[in-house]
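Everything on this sheet refers to the single structure shown next.
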Amino acid sequence: RKEVEQDPGPFNVPEGATVAFNCTYSNSASQSFFWYRQDCRKEPKLLMSVYSSGNEDGRFTAQLNRASQYISLLIRDSKLSDSATYLCAVNMRNFNKFYFGSGTKLNVKP
Amino acid sequence: DVKVTQSSRYLVKRTGEKVFLECVQDMDHENMFWYRQDPGLGLRLIYFSYDVKMKEKGDIPEGYSVSREKKERFSLILESASTNQTSMYLCASSFGDRGRVFSGNTIYFGEGSWLTVV
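Chains as they are written, first to last, in our numbering: chain A, 1 to 110; chain B, 1 to 118.
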């Protein structure tokens, strides 16, 4: 079983739509959680960390559900520029390792 | 800004050649990583290092070796390149939590090295 799993998509949505991605992780020892954005043929870049209480950054909201072992990313009022692949990542403190999902592709259409 | 620099962005090598991929970070990070990314397979960890001269195997170390002689530099070596090593290679770094209050350290990536083995 993979450490981190994501729906690969693609999610095709119109501009202005709200879209949500989920990511499940298998190891309950996971300590830190992140969402990364990756544009085509570019490196992943940190979008936001995910805190236990949930956190928001503009149109983006991230949530963590430890009981069910998943994290989510909600994008409101989608823009064309949001089109990218979104990767979730988890970090297990004692091992200094980061595990990434395979990414969910988002296409925002005019 | 964190800077992770991969000196070789695009390489074409022949089967059997020895390949060096170099990575330098300027944030005094303890941890450094090498991943490869392939369509449908996502990011897979090859090796990581949590200190100078220390290294640990990741999930797919076969056919690769690494070197970390200085804290800021982490090299990936393909001893004898093969066509199935054609991929995008990503170097990354992060703070370790040894002797440091854990604050949810994040991982930062270089721009990637596109390797084609023919």
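Each residue gets a CB set at the ideal place from its N, CA and C atoms; glycine is no exception.
Buried versus exposed call for residue i [16 or more other C-beta atoms within 10 Å across all chains shown]
| i | result |
| --- | --- |
| A/ARG37 | buried |
| A/GLU51 | Per the sequence shown, residue 51 of chain A should be read as Tyr rather than Glu. That one is exposed. |
| B/SER87 | buried |
| B/VAL12 | exposed |
| B/ASN31 | buried |
| A/ASN91 | buried |
| A/ASP57 | exposed |
| A/PHE100 | buried |
| B/PHE20 | exposed |
| A/ASP82 | buried |
| A/GLU43 | buried |
DSSP bridge partner residues for residue i (one or two, in chain order)
| i | result |
| --- | --- |
| A/THR24 | A/GLU5 and A/TYR70 |
| B/ARG51 | Per the sequence presented here, residue 51 of chain B reads as Asp, with Arg not at that position. For B/ASP51, which the question treats as bridged, DSSP gives no partner whatsoever. |
| A/THR104 | A/TYR86 |
| B/TYR10 | B/TRP114 |
| A/MET32 | Residue 32 of chain A is actually Ser in this sequence, not Met. A/ASN91. |
| B/GLY42 | B/ASP38 |
| B/ILE60 | Beta-bridge pairing links B/ILE60 to no other residue. |
| B/PHE20 | B/ILE77 |
| A/PRO14 | A/LYS109 |
| A/MET48 | A/TRP35 |
| B/MET32 | B/SER49 and B/SER93 |
| B/THR5 | B/VAL24 |
C-beta atoms of residue i and residue j nearer than 9 Å
| i | j | result |
| --- | --- | --- |
| B/VAL4 | B/ALA92 | yes |
| A/LYS45 | A/LEU80 | no |
| A/THR24 | A/GLN6 | yes |
| A/ALA89 | A/PHE98 | yes |
| B/GLN25 | B/GLY112 | no |
| A/TYR106 | A/VAL13 | Sequence check: residue 106 of chain A is Leu here, not Tyr. Contact: yes. |
| B/TYR89 | B/HIS29 | no |
| B/SER75 | B/GLU22 | yes |
| B/THR83 | B/VAL117 | yes |
| B/GLY42 | A/LEU87 | yes |
| A/LEU64 | A/GLY54 | yes |
| A/SER102 | A/PRO8 | yes |
| A/PHE60 | A/SER49 | no |
| A/SER28 | A/ARG76 | no |
| B/TRP34 | B/GLY58 | yes |
| B/GLU79 | B/SER65 | yes |
In chain order, what are the residue ranges of uninterrupted beta strand (DSSP E) at least 3 long that sit wholly in the segment 69 to 93 of chain B? For the segment 69 to 93 of chain B, the continuous beta strand (DSSP E) assignments of 3+ residues that do not extend past its boundaries occur at 73 to 78, in sequence order.
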